[in-house]
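Novice: Before anything else, here's the structure in question.
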Amino acid sequence: MIEQPRMVKICDIWDESPSVKTFFFKFDLHFDPGQFVMVWIPLLDEKPFTISYIRNDLMGVSVLKRGMFTNALHNKKIGDMIGIRGPYGKGFGLQTNPDFCVVGGGIGMASLATVVDRLNDATIIQGARTASEILYQKRFKDMNLCTDDGTTGFKGTTVDLFRKLLTRRRFQKVYACGPEKMLYKVVELCRNHGIECEVSLDRYIKCGFGVCGQCDCSGQRVCVDGPVFNIKELSKMKDFGKVTILKTGARVVY
Amino acid sequence: MIEQPRMVKICDIWDESPSVKTFFFKFDLHFDPGQFVMVWIPLLDEKPFTISYIRNDLMGVSVLKRGMFTNALHNKKIGDMIGIRGPYGKGFGLQTNPDFCVVGGGIGMASLATVVDRLNDATIIQGARTASEILYQKRFKDMNLCTDDGTTGFKGTTVDLFRKLLTRRRFQKVYACGPEKMLYKVVELCRNHGIECEVSLDRYIKCGFGVCGQCDCSGQRVCVDGPVFNIKELSKMKDFGKVTILKTGARVVY
Amino acid sequence: MKLSVNVCNIRLSNPTILASGILGTTKALLKRVAESGAGAVTIKSVSTEPREGHKNPTVITFDAGMLNAVGYSNPGVVAAAKEFASLQDVGVPVIASVIGTQKEDFVRVVAGLSGSEFSAIEIPLSCPHTPGFGLLAGQGTPQATFDITSAVRKATELPIFVKLSPNIPEICAVAKAAEDAGANAITAVNSMGPGMIINIEAQKPILSFKVGGVTGDALRPIAIRCVYDLYKAVKIPVIGVGGISTGRHAIEMIMAGASAVGIGTGVYYRGIEVFKRVCEEMTLWMEENGFDDVNKIRGVAHD
Amino acid sequence: MKLSVNVCNIRLSNPTILASGILGTTKALLKRVAESGAGAVTIKSVSTEPREGHKNPTVITFDAGMLNAVGYSNPGVVAAAKEFASLQDVGVPVIASVIGTQKEDFVRVVAGLSGSEFSAIEIPLSCPHTPGFGLLAGQGTPQATFDITSAVRKATELPIFVKLSPNIPEICAVAKAAEDAGANAITAVNSMGPGMIINIEAQKPILSFKVGGVTGDALRPIAIRCVYDLYKAVKIPVIGVGGISTGRHAIEMIMAGASAVGIGTGVYYRGIEVFKRVCEEMTLWMEENGFDDVNKIRGVAHD
Ligand SMILES: Cc1cc2nc3c(=O)[nH]c(=O)nc-3n(C[C@H](O)[C@H](O)[C@H](O)COP(=O)(O)OP(=O)(O)OC[C@H]3O[C@@H](n4cnc5c(N)ncnc54)[C@H](O)[C@@H]3O)c2cc1C
Ligand SMILES: Cc1cc2nc3c(=O)[nH]c(=O)nc-3n(C[C@H](O)[C@H](O)[C@H](O)COP(=O)(O)OP(=O)(O)OC[C@H]3O[C@@H](n4cnc5c(N)ncnc54)[C@H](O)[C@@H]3O)c2cc1C
Ligand SMILES: Cc1cc2nc3c(=O)[nH]c(=O)nc-3n(C[C@H](O)[C@H](O)[C@H](O)COP(=O)(O)O)c2cc1C
Ligand SMILES: Cc1cc2nc3c(=O)[nH]c(=O)nc-3n(C[C@H](O)[C@H](O)[C@H](O)COP(=O)(O)O)c2cc1C
Ligand code: FES
Ligand code: FES
Chain A
54 MIEQPRMVKI CDIWDESPSV KTFFFKFDLH FDPGQFVMVW IPLLDEKPFT
104 ISYIRNDLMG VSVLKRGMFT NALHNKKIGD MIGIRGPYGK GFGLQTNPDF
154 CVVGGGIGMA SLATVVDRLN DATIIQGART ASEILYQKRF KDMNLCTDDG
204 TTGFKGTTVD LFRKLLTRRR FQKVYACGPE KMLYKVVELC RNHGIECEVS
254 LDRYIKCGFG VCGQCDCSGQ RVCVDGPVFN IKELSKMKDF GKVTILKTGA
304 RVVY
Chain B
54 MIEQPRMVKI CDIWDESPSV KTFFFKFDLH FDPGQFVMVW IPLLDEKPFT
104 ISYIRNDLMG VSVLKRGMFT NALHNKKIGD MIGIRGPYGK GFGLQTNPDF
154 CVVGGGIGMA SLATVVDRLN DATIIQGART ASEILYQKRF KDMNLCTDDG
204 TTGFKGTTVD LFRKLLTRRR FQKVYACGPE KMLYKVVELC RNHGIECEVS
254 LDRYIKCGFG VCGQCDCSGQ RVCVDGPVFN IKELSKMKDF GKVTILKTGA
304 RVVY
Chain C
4 MKLSVNVCNI RLSNPTILAS GILGTTKALL KRVAESGAGA VTIKSVSTEP
54 REGHKNPTVI TFDAGMLNAV GYSNPGVVAA AKEFASLQDV GVPVIASVIG
104 TQKEDFVRVV AGLSGSEFSA IEIPLSCPHT PGFGLLAGQG TPQATFDITS
154 AVRKATELPI FVKLSPNIPE ICAVAKAAED AGANAITAVN SMGPGMIINI
204 EAQKPILSFK VGGVTGDALR PIAIRCVYDL YKAVKIPVIG VGGISTGRHA
254 IEMIMAGASA VGIGTGVYYR GIEVFKRVCE EMTLWMEENG FDDVNKIRGV
304 AHD
Chain D
4 MKLSVNVCNI RLSNPTILAS GILGTTKALL KRVAESGAGA VTIKSVSTEP
54 REGHKNPTVI TFDAGMLNAV GYSNPGVVAA AKEFASLQDV GVPVIASVIG
104 TQKEDFVRVV AGLSGSEFSA IEIPLSCPHT PGFGLLAGQG TPQATFDITS
154 AVRKATELPI FVKLSPNIPE ICAVAKAAED AGANAITAVN SMGPGMIINI
204 EAQKPILSFK VGGVTGDALR PIAIRCVYDL YKAVKIPVIG VGGISTGRHA
254 IEMIMAGASA VGIGTGVYYR GIEVFKRVCE EMTLWMEENG FDDVNKIRGV
304 AHD
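Protein chains in written order, with the working numbering: chain A, 54 to 307; chain B, 54 to 307; chain C, 4 to 306; chain D, 4 to 306.
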C-alpha cells in the first residue's frame with residue numbers, strides 16, 4: 054500500500070450539533086469500527102479523524118470545530134475535495150454475544166458510533182457539555198445521556214452515569230472514547246467490576262503508520278498499536294491518563 | 054521480476070565435442086525451447102546462451118569455446134558458481150502435429166536440442182566443420198549429418214543437405230539455428246517450398262530485456278521480440294542475413 | 004482532447020519523448036518507437052569516435068528501479084551520421100544526443116551530424132558513470148556547462164537541450180548557465196547516483212563498472228522536484244525525465260512544470276507500447292478531471 | 004553464529020541499529036525497539052530549543068520508498084535530557100543524535116545531554132529538508148564538517164558518528180574532513196534528494212514542506228555505493244544506512260564495508276520486528292553460505 058492521500062469529493066454534510074459536522078465521501082476500502090483516516094487539506098495540514106459512519110463505500114467523519122484545521126474543514130461545502138489516507142490503526146475488538154456498553158464523552162462518541170451500528174442492543178452512555186452538543190440523537194434510540202449543565206439527561210459526567218448504571222446492572226464489555234481523564238476512570242471502574250474494556254486513545258498523530266514515533270504512549274504507538282487498547286495493554290502503559298506528548302515531542306501532564 | 058544474476062552451482066559438466074561443453078545447474082524457473090539466459094562470471098563479463106537441456110529444474114547450456122568469455126567458462130569446474138539471469142526472449146512456436154525438421158549449424162544445434170526433446174519424430178539435420186564437432190550424438194538417434202570436410206555424413210553444408218532432403222520429402226515446419234548466411238538460405242528454401250519456418254537469430258546482447266537497443270535487427274529486438282522469428286517477421290527485416298551490429302553499435306555487413 | 008505540445012517550436016503530437024540511451028541505437032528502432040506512440044525520439048548519445056562501452060552486465064534492475072552503466076557505447080559520429088539519415092522516415096521529430104570529453108568534441112559531433120534532419124541537439128553533461136564524460140569530467144558545473152553550451156551554440160542553429168544531473172545540489176545555477184549560453188531547453192534529469200548493487204553470493208558488484216546510474220521509480224520524486232525548481236528558475240522549457248511510466252506520472256511531471264516528458268525505464272516496465280499507454284491514460288484522466296488541453300495543466304502545482 | 008560487532012568499542016549484540024528519526028522520540032519506544040532485537044538504537048535528533056517541525060503531511064510513501072519532511076520536531080535539549088535518563092534500562096547502547104544551526108548549538112546540546120548514559124553522539128550534517136540545518140545550512144561541506152566535528156570533539160569524550168548525505172558528490176572528502184577532526188565513525192547515509200510528490204487531483208505537492216528526503220528501497224543502491232567508497236576512503240568504521248529491510252540487504256551493506264547497519268524505513272516495510280527478522284535472515288544466509296561470523300563478511304565485495 055502507498056501512504057498518500059486520495060482526493061475525494063465531499064458528497065454530503067450533516068450538522069450534528071452546533072460545533073460538530075459530519076462530512077460524507079466515497080472511499081472504497083474496508084474499515085473496522087475504531088479505525089481512523091488522515092484528512093488532508095492541501096497546503097494547510099493533515100489531521101486524524103475516526104470514521105463515524107460506514108455505509109458500504111460511503112464513509113463519514115464527524116468533526117468537532119476546535120482550531121485552525123477543523124475550522125477550515127467546517128468551511129468546506131458539498132462538492133469540495135479533501136484528501137483521505139487510511140484506514141489506520143487497530144479498531145475495536147467486536148464480540149457478538151456479550152451484553153455491552155459504550156461510553157462516549159464529547160466528540161469521542163464519533164469513534165463509538167460504528168461500534169453501536171455493528172452490535173445490537175448497545176447500552177449507550179453519552180456525555181456532553183450541554184444538551185445541544187449531544188450527537189446522533191436521531192441515529193441512536195434510548196441513549197443514557199448526561200450533560201455538565203444538566204440541560205438534558207443526568208447532570209454530571211459519563212463516569213458518574215456509568216457508575217450509577219453499574220449499581221443496577223452488569224456488562225460483559227465496555228467500549229469507551231472521550232477525554233483521557235474520563236477513560237482512565239472508566240477503565241478503573243471496569244477493572245474493579247471485572248468487566249472487559251477497550252478504549253480509544255488520542256495522541257498527536259503525524260505519520261499514522263508507525264514510523265515517526267510522535268504518537269507514543271509508553272512504548273505503544275497509538276496510530277498502529279492502537280488507537281484502541283484493552284485493559285491488559287493499558288495496565289502496562291504508565292502514561293495512560295497522565296501524560297500526553299505535544300507536537301514537539303515534549304511530555305505534558307494532563 | 055528483478056533482472057539480476059542469481060548464482061548457481063555448476064553441478065555437472067559434459068564434453069559434447071572438443072570445443073563444446075555443457076554446463077548443468079539447478080534453476081527453478083520455467084523455460085521454453087529457444088529461450089536463453091545471461092551467464093555471468095563476476096568481474097569478467099556476461100553473455101547470452103540458449104538453454105540446451107531442460108530436465109525439470111535442471112538446466113544445461115552448451116558452450117562453444119570461442120573467445121575470452123567462453124574460454125573462462127570452459128575453465129570452470131563442477132562446484133564452481135556462475136550467475137544466471139533469465140529466461141529471456143520468445144522461444145520457438147511448437148506445434149504437435151506437423152511433420153517437422155530442425156536444421157542446426159554448429160553451436161546453433163544447442164538452441165534446437167530442446168525443440169527435438171519436446172517434439173516426437175523430428176527430422177534432424179546437423180552440420181559441423183568436422184566429425185568430432187557433431188553435437189549430441191548419443192542424445193539424438195538418426196540425425197542427418199553433414200560436415201565441411203566429409204569426415205562424417207554428407208560432405209557439404211546443412212543448406213545443401215536440406216535442399217537434397219526436400220527433393221524426396223516435404224515438411225510442414227522447419228526450425229533452424231546457425232550462421233545467419235545459412236539461416237537466410239534455409240528461409241529462402243522454405244519460402245519457395247511453402248514450408249513454415251522459424252529461425253533463432255544471433256545479435257550482440259547487452260541488457261537482454263529490451264531496453265538498450267543493442268540487439269536490433271531492423272527494428273526488432275532479438276532479445277525480447279526474438280531470438281526466434283518466423284518467415285513473415287523475417288520478410289520485413291532487411292538486416293536479416295545481411296547486416297549485424299557490433300558492440301559499439303556499428304553496422305557490419307556479413 | 005489536445006495532447007500536442009510545442010517545445011522550442013518543435014511540434015510534438017503528444018508530450019512523450021523517448022529518452023536517450025534507450026532503444027535509440029538505430030533508425031529502425033526509432034521508427035518503431037514512433038509507431039508505438041512517442042511524440043518525439045532521442046538517439047543514443049554519439050561521440051566523435053566509436054566506443055565499446057563497459058563490459059556486461061551493463062543494465063540490471065532492482066525492486067525500485069534500474070541501474071545502468073552502459074558506458075556510452077556508440078559507433079562514433081561518422082557511422083551515426085550514416086545510420087540517422089533521411090530522418091523524416093521516422094515520422095516524429097528526432098533529437099540528437101551529443102557527448103564529448105571536451106567542448107571541441109561536442110562541436111565536431113554536431114558538425115558531423117549537421118547533414119541529418121535532426122530537430123534538436125541534446126547535450127547530456129550529466130552522466131554519473133562514464134570516465135571522461137559528464138559528471139566524471141566535471142561537465143556538471145555552471146562554468147563548464149556555460150562553456151560547452153556556448154561552443155555548441157556557435158556550431159548549430161538547431162534548438163539545444165542541455166541535460167542535467169539530479170545529483171547537483173545547485174541544479175538551478177547550472178540550468179541558468181545553460182540558458183545564458185543560449186540553450187533552448189533543459190532536459191531534467193539524467194540518471195542519479197551512481198549506485199551499486201552487490202550480488203551477495205558472488206560477493207561482488209553486479210555491474211562490470213561496479214557503479215551505475217539509478218533510473219525508474221526510485222528517481223521520480225527527485226526528478227519531479229528538479230523540474231519543479233527549474234520551472235521557476237529558468238524561462239526556457241523543461242523536459243521532465245525520470246521514472247515516468249504511467250499517465251499519472253506524466254501529468255505529475257507536467258504539473259511540476261515540464262513541457263514534455265522523457266521516458267526511458269518505462270519501456271522496461273510497460274514495453275515499447277508505454278508511449279501509447281501513457282497518452283491514453285493522460286487522456287482518460289484529463290477527461291475525468293475536466294481538462295481539454297495538456298498545456299493547461301503545465302505548472303499548476305506551483306502556487 | 005556470531006552476529007555481534009564492535010563499533011568504536013561499543014559492543015552491539017547484532018549489527019542492526021535503529022536509525023535516527025524513526026520511533027526514537029521516547030525512552031519507552033527505544034526500549035521497545037531494543038526488545039524487538041535492535042543491536043543499538045538512536046534517538047530522534049535533538050536541538051537546543053523545542054521545535055514543532057513542519058506541518059503534516061510530514062511522512063508519505065511511494066512505490067519505491069518513503070518521502071519525509073518532519074522538520075526536526077523535538078522537545079529541545081532540556082526536555083530530552085529528562086526523557087533520556089537512566090538509559091541502561093533500554094538494554095542496548097543508545098546513540099544521541101544532535102543537531103544545530105551553528106557549531107555552538109551542537110556543543111550546547113552535547114553538554115546538555117552529558118548527564119545521560121549515551122554510548123555515542125551522532126551529528127547529522129546532512130538533512131536535505133530543514134531550513135537552518137544540514138545541507139540547507141551548508142553543513143555538508145568538508146570545511147563546515149571539519150569545524151562542527153572539531154567543536155563537538157572538544158565537548159565530549161564519547162565516540163562521535165558524523166552522518167553524511169548521499170547527495171554530496173564529494174562524500175569521501177567530507178568523510179575525511181570528519182575523520183581529521185576526530186570523528187570515530189561515519190554514518191552513511193541520511194535521506195537523499197530532496198524529492199517531491201504531487202497529488203495530481205489536488206494539483207499540489209503532498210508534503211506540507213513540499214519537498215522531503217527520499218529513503219527506503221530507492222536509496223539502497225546509492226547508500227551501498229557511498230559505503231563502498233567510504234570504506235576505502237576512511238579508516239574509521241562506517242555505519243551503513245539506507246533501504247535496509249532484509250537480511251540480504253544487511254549482508255550486502257556489510258560486504259560493501261559497513262560495520263553495522265541502520266534501519267529506518269524498514270520499520271514501515273516490516274514492522275518493529277524488522278530488527279529480529281533481519282538478524283534471523285542474516286543468520287540463515289550465513290549458515291547456508293558457510294560463514295560463522297558476520298565480521299568475516301565485512302568489505303568482501305572489494306577486490
Ligand atoms: C485517532 C484519533 C481519532 C480522532 N478522531 C476524531 C474525530 O472523529 N473527530 C474529531 O473531531 N476529532 C478527532 N480527533 C482529534 C482531531 O484530530 C483534532 O481535534 C484535530 O486535529 C484538531 O485540529 P485543529 O487544527 O482544528 O486544532 P488545534 O488547535 O491544532 O488543536 C486542538 C487540539 O487538537 C488535538 N490535535 C491537534 N492536532 C492533532 C493531531 N495531528 N493529532 C491528534 N490530535 C491533534 C490536540 O489535542 C490539540 O490540543 C482524533 C484524534 C485521534 C488521535
Ligand atoms: C540468443 C543467443 C543465444 C546464444 N546461445 C549460445 C549457445 O547456446 N552456445 C554458445 O556457445 N553460444 C551461444 N551464443 C553466442 C555466445 O553468446 C557467444 O559465443 C559468446 O558471447 C562469445 O563470447 P566470447 O567472449 O567467448 O567471444 P568473443 O571473442 O567476445 O566473441 C566471439 C563472437 O561471439 C559473439 N558474441 C560475443 N559477445 C556476444 C554477446 N554479448 N552477445 C551475442 N554474441 C556475442 C560475437 O559474434 C563475437 O564476434 C548465443 C548468442 C545469442 C545472441
Ligand atoms: C540503459 C540506459 C542507458 C542510458 N543512456 C543514456 C545516454 O546514452 N545518454 C543520455 O543522455 N542518457 C542516458 N540514459 C538516461 C536516460 O536518458 C534518462 O535520463 C534516465 O534513464 C531517467 O529516465 P527514466 O527513469 O525514464 O529511465 C540512459 C538510461 C538508461 C536506463
Ligand atoms: C520519518 C523519518 C525521519 C527522519 N528523521 C531523522 C532525524 O531526525 N535525524 C537524522 O539524522 N536522520 C533522520 N532520518 C534519516 C534516517 O535516519 C535514515 O538516515 C534514512 O531514513 C535512511 O535510512 P532508511 O532507508 O533505512 O530509512 C529520518 C528518516 C525518516 C524516514
Ligand atoms: S503518528 Fe507516527 S508513529 Fe504514530
Ligand atoms: S540486448 Fe538490450 S535491447 Fe536487446
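A virtual CB, placed ideally from N, CA and C, is assigned to each residue, including glycine.
With burial defined as no fewer than 16 other Cβ atoms inside 10 Å of the residue's Cβ, what is the status of C:Leu15: buried or exposed?
Specialist: In the third sequence, the residue the question calls residue 15 of chain C occupies position 12. C:Leu15 is buried by the Cβ-count criterion.
Novice: May I have the straight-line CA-CA distance separating B:Lys238 from B:Val212, to the nearest angstrom?
Specialist: Position 185 of the second sequence holds residue 238 of chain B. Position 159 of the second sequence holds residue 212 of chain B. Rounded to whole angstroms, B:Lys238 to B:Val212 spans 7 Å at the Cα level.
Novice: Could you give the uninterrupted runs of the alpha helix (DSSP H) lying entirely in the stretch 263-291 of chain A, keeping only those of 4 residues or more?
Specialist: Counting whole runs of 4 or more residues, the stretch 263-291 of chain A contains the alpha helix (DSSP H) stretches 284-288.
Novice: In chain D, which residues lie with their C-beta within 8 Å of the C-beta of A:Ser115?
Specialist: Working through the first sequence from its first residue, we reach residue 115 of chain A at position 62. Going along chain D, no residue has its Cβ under 8 Å from A:Ser115, so there is no contact; the nearest lies around 20 Å.
Novice: Could you pull out every residue in the same chain whose Cβ sits closer than 8 Å to the Cβ of D:Ala188, ignoring the five residues on either side in sequence?
Specialist: For this step, residue 188 of chain D is matched to residue 185 along the fourth sequence. The residues are Val10, Cys11, Ala123, Pro162, Ile163, Phe164, Val165, Ile239, Pro240, Val241, Ile242 and Ser262.
Novice: Less than 8 Å between the C-beta atoms of D:Val112 and D:Ser211, yes or no?
Specialist: To locate residue 112 of chain D, count along the fourth sequence from 1; it is residue 109. To locate residue 211 of chain D, count along the fourth sequence from 1; it is residue 208. Result no, Cβ atoms of D:Val112 and D:Ser211 do not sit closer than 8 Å.
Novice: Identify the contact partners of D:Val73 in chain A, using a Cβ-Cβ distance below 8 Å as the criterion.
Specialist: The residue you call residue 73 of chain D lines up with position 70 of the fourth sequence. By Cβ distance, chain A contributes Lys259 and Cys265.
Novice: With hydrogens ignored, establish whether the beta-carbon of B:Arg274 is closer than 7 Å to any heavy atom of ligand 6.
Specialist: Numbered from 1 along the second sequence, position 221 holds the residue referred to as residue 274 of chain B. Correct: B:Arg274 has its Cβ closer than 7 Å to ligand 6.
Novice: Quick check on D:Val8: does DSSP put it in helix, strand or coil?
Specialist: As a first step, residue 8 of chain D must be located in the fourth sequence, where it is residue number 5. Correct three-state label for D:Val8: strand.
Novice: Let me check you understand the geometry: is the CB of A:Gln267 closer than 7 Å to at least one non-hydrogen atom of ligand 5?
Specialist: For the purposes of this step, residue 267 of chain A is identified with residue 214 of the first sequence, where counting begins at 1. At least one heavy atom of ligand 5 is found less than 7 Å from the C-beta of A:Gln267.
Novice: Pop quiz: D:Ala31 and A:Asp269 are said to be a contact at Cβ under 8 Å. What is the actual Cβ separation, rounded to whole angstroms?
Specialist: Along the fourth sequence, one-based indexing puts residue 31 of chain D at 28. Along the first sequence, one-based indexing puts residue 269 of chain A at 216. At roughly 6 Å, the Cβ-Cβ gap stays under 8 Å, so D:Ala31 and A:Asp269 are in contact.
Novice: Let's test the definition: count the other Cβ atoms within 10 Å of the Cβ of C:Val36 and tell me whether it reaches 16, buried, or not, exposed.
Specialist: Sequence index remark: in the third sequence, residue 36 of chain C carries index 33 (1-based). Flag for C:Val36 reads buried.
Novice: For a test of the three-state rule: what should DSSP assign to D:Gly42, helix, strand or coil?
Specialist: As a working note, residue 42 of chain D is residue 39 in the fourth sequence. Here D:Gly42 sits in coil by DSSP.
Novice: Given 7 Å as the limit, tell me if A:Ile258 has its C-beta closer than that to any heavy atom belonging to ligand 5.
Specialist: For the purposes of this step, residue 258 of chain A is taken as residue 205 along the first sequence, with counting starting at 1. Yes; taking the cut-off as 7 Å, the Cβ of A:Ile258 has a heavy atom of ligand 5 nearer than that.
Novice: Please list, in chain order, the residues of the stretch 292-306 of chain B that have any C-beta partner in chain C closer than 9 Å.
Specialist: Asp292, Ile298, Leu299, Lys300, Thr301, Gly302, Ala303 and Arg304
Novice: Considering only heavy atoms of ligand 3, does any lie closer than 7 Å to the CB of C:Tyr75?
Specialist: For the purposes of this step, residue 75 of chain C is taken as the residue at position 72 of the third sequence. Checking the Cβ of C:Tyr75 against ligand 3 gives yes.
Novice: In chain C, what lies closer than 8 Å to B:Gln57 by C-beta?
Specialist: Position 4 of the second sequence, counted from the first residue, corresponds to residue 57 of chain B. Going along chain C in sequence order, the residues near B:Gln57 (Cβ under 8 Å) are Ile63, Thr64, Phe65, Ile200, Asn202 and Ile209.
Novice: Compare the C-beta of D:Glu255 with all C-beta atoms of chain C and state if any pair is closer than 8 Å.
Specialist: As a working note, residue 255 of chain D is residue 252 in the fourth sequence. Cβ-Cβ to chain C under 8 Å: yes for D:Glu255.
Novice: Just tell me which of A:Ser185, A:Glu286, A:Ile178 and A:Asp152 has its CA closest to the CA of A:Gly231.
Specialist: By one-based count along the first sequence, residue 231 of chain A stands at place 178. With distances taken between Cα atoms, A:Gly231 lies closest to A:Ile178.
Novice: Between which two residues does the beta strand (DSSP E) carrying A:Pro101 extend?
Specialist: Stepping through the first sequence from its first residue, residue 101 of chain A is reached at position 48. The continuous beta strand (DSSP E) containing A:Pro101 extends over residues Asp98 to Arg108.
Novice: In terms of residues, what are the limits of the beta strand (DSSP E) holding A:Phe89?
Specialist: Taking the first residue of the first sequence as position 1, residue 89 of chain A is located at position 36. Looking at the DSSP string, the run of the beta strand (DSSP E) that includes A:Phe89 is Phe89 to Ile94.
Novice: In three-state DSSP terms, what is D:Val73?
Specialist: Looking up residue 73 of chain D in the fourth sequence gives position 70. D:Val73: coil per DSSP, three-state reduction.
Novice: Would you mind working out which of C:Lys5, C:Ala41 and C:Leu33 sits nearest C:Gly265, comparing C-alpha positions?
Specialist: On the third sequence, residue 265 of chain C is found 262 positions in, with the first residue counted as 1. For the residues C:Lys5, C:Ala41 and C:Leu33, the minimum Cα distance to C:Gly265 belongs to C:Ala41.
Novice: Listing by chain order, which chain A residues have their CB less than 7 Å from the CB of D:Ser76?
Specialist: Here residue 76 of chain D refers to the residue found at position 73 of the fourth sequence. Per Cβ cutoff of 7 Å: Lys300, Thr301 and Gly302.
Novice: Could you name the residues of chain C that B:Pro356 contacts, counting a contact when the two beta carbons are closer than 8 Å?
Specialist: What the structure shows of chain B is the stretch from 54 to 307, and residue 356 of chain B is not part of that stretch, so it cannot be assessed.
Novice: Within 10 angstroms of its Cβ, does D:Arg228 collect 16 or more other Cβ (buried), or is it exposed?
Specialist: Position 225 of the fourth sequence, counted from the start, is the residue given in the question as residue 228 of chain D. By the neighbour-count rule (16 or more Cβ atoms within 10 Å), D:Arg228 is buried.
Novice: Would you list the one or two residues that DSSP bridges to B:Arg138?
Specialist: Against the second sequence, residue 138 of chain B aligns to sequence position 85. Bridge partners of B:Arg138: B:Met91.
Novice: Can the beta-carbon of C:Leu116 be found less than 8 Å from the beta-carbon of C:Ala158?
Specialist: Looking up residue 116 of chain C in the third sequence gives position 113. Looking up residue 158 of chain C in the third sequence gives position 155. Not in contact: C:Leu116 and C:Ala158 (Cβ atoms no closer than 8 Å).
Novice: Could you round the C-beta distance between A:Phe122 and A:Lys100 to whole angstroms and report it? I think they count as a contact, below 8 Å.
Specialist: Translated into positions along the first sequence, residue 122 of chain A becomes position 69. Translated into positions along the first sequence, residue 100 of chain A becomes position 47. Correct: roughly 5 Å between the Cβ atoms.
Novice: Return the chain-ordered list of same chain residues with a C-beta closer than 7 Å to the C-beta of D:Thr45, the five sequence neighbours on each side being excluded.
Specialist: Within the fourth sequence, numbered from 1, the residue matching residue 45 of chain D stands at position 42. Once the five neighbours on either side are set aside, the close Cβ partners of D:Thr45 are Ile20, Leu21, Ala22, Ser23, Gly27, Ile98, Ser100 and Glu125.
Novice: Return the chain-ordered list of same chain residues with a C-beta closer than 7 Å to the C-beta of D:Lys106, the five sequence neighbours on each side being excluded.
Specialist: Residue mapping note: residue 106 of chain D aligns to position 103 of the fourth sequence, counting from 1. The answer, listed in chain order, is Asp150, Ile151 and Ala154.
Novice: What number of angstroms, rounded off, separates the C-alpha of A:Gly279 from the C-alpha of C:Ala259?
Specialist: For the purposes of this step, residue 279 of chain A is taken as the residue at position 226 of the first sequence. For the purposes of this step, residue 259 of chain C is taken as the residue at position 256 of the third sequence. Roughly 37 Å separates the two Cα atoms.
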